[in-house]
Amino acid sequence: MKKTTSYITLVSLLGLAACGDAAGTFYREAGAKIDEGGFGNPTMTNSLINTGQLASAETLARRFASEVPPTINFAFNSARLDDQSRAVLRQQAAWIKQFPEVRFRVYGHTDLVGSDRYNQRLGKRRANAAVGYLVGQGISRSRLEAVASFGENRPVVQTAGRSRANRRTVTEVTGFVTGHPTVLQGKYAAVVAREFPSIGTRVDPLNTYLHYPSNSGSE
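Given below as structure tokens:
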């Protein structure tokens, strides 16, 4: 009898704890449990959910990543755009022009050679170079959100040495232009369904990754 009573007490306590956690989750904002990244902080995600934008924005993000190369790569310790990077950015610009309701962010990355502080600055320079080229292709700077750099914190390849795969920028969809007429009318489905015309052979920088042995210096 004593064991049965103890068991019932334990189950009751667990049930109360679960109810408390469920209640806490219920009264938090809708995006509170979503990890940081892609579509920003939980408050932004909550706003997108409440306005019906989130599903459409996520669909467009997947489309962008599948229809054009989202990534360009850089030489060691450089933020210079080579011919292949410019070709990829022209493909990105062509896609972006077909979707004037959509906003984007460019993330700059480095490999793991050098100090974190230096790599943060280099990642920012790379992102700025990509954004500058997109603006030069006729994209409004207002549609390209504040340039962010993750520096060396999100490597594609886990190596302490030089890695072309890690020296990159990544362009991503982040949401919709607030004052655009299509957005004001809530016609997100029409934007998502819009066809993107083929612009020729897709350049894929994933096929050009080069990996070098570790050496000293700053990335």
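At position 40 of the sequence shown (counting the first as 1) the number is 121 in the working numbering, and the numbers step up by one without a gap. Just so it is clear, CB atoms sit at the ideal spot from N, CA and C, and this is done for glycine as well. Please read these numbers as outputs of a predicted model, since none were measured by experiment.
Who are the Cβ neighbours of T140 in its own chain at under 7 angstroms, not counting the five residues just before and after it? Taken in chain order, the residues that qualify are V273.
For a minimum of 3 consecutive residues, which ranges assigned as the beta strand (DSSP E) are wholly contained in the region 177 to 201? 183 to 190
With K253 as the anchor, note down where its beta strand (DSSP E) starts and where it stops. Here residue 253 turns out to be Glu, not Lys, going by the sequence shown. Here the beta strand (DSSP E) through E253 covers 249 to 257.
Is the CB-CB distance between D192 and R243 below 7 angstroms? yes
Reduced DSSP category for N234 - H, G, I as helix; E, B as strand; rest coil: coil
Euclidean distance between Cα positions of F155 and L170: About 13 angstroms.
Buried or exposed (CB count within 10 angstroms, at least 16 for buried), G217: By the 10 Å Cβ count, G217 comes out exposed.
Taking the C-alpha atoms as reference points, what is the distance between R222 and E148? 22 angstroms
Assign N296 to buried or exposed, taking buried as 16 or more other Cβ atoms, counted over all protein chains shown, within 10 Å of its Cβ. Summary for N296: the model assigns pLDDT 36, below 50, so the residue's position carries little reliability; its value from the coordinates is reported in the next sentence. N296 should be labelled exposed.
Contact check, G195 vs S230, beta carbons under 7 angstroms: no
Quick one: measure Cβ to Cβ for R249 and I153, integer angstroms, because I've assumed they're closer than 8 angstroms. About 6 angstroms; that satisfies the 8 angstroms criterion.
Give a yes or no on whether the C-beta atoms belonging to T252 and Q179 are separated by under 7 angstroms. Contact: no.
To which residues of the same chain is E226 closer than 8 angstroms at the C-beta, ignoring the five residues directly before and after it? R184, F185, R186, T255
Consult DSSP for L162 and reduce its assignment to one of helix, strand or coil. DSSP places L162 in the coil class of the three-state scheme, outside both helix and strand.
Can you tell me which residues form a DSSP beta bridge with N154? R249
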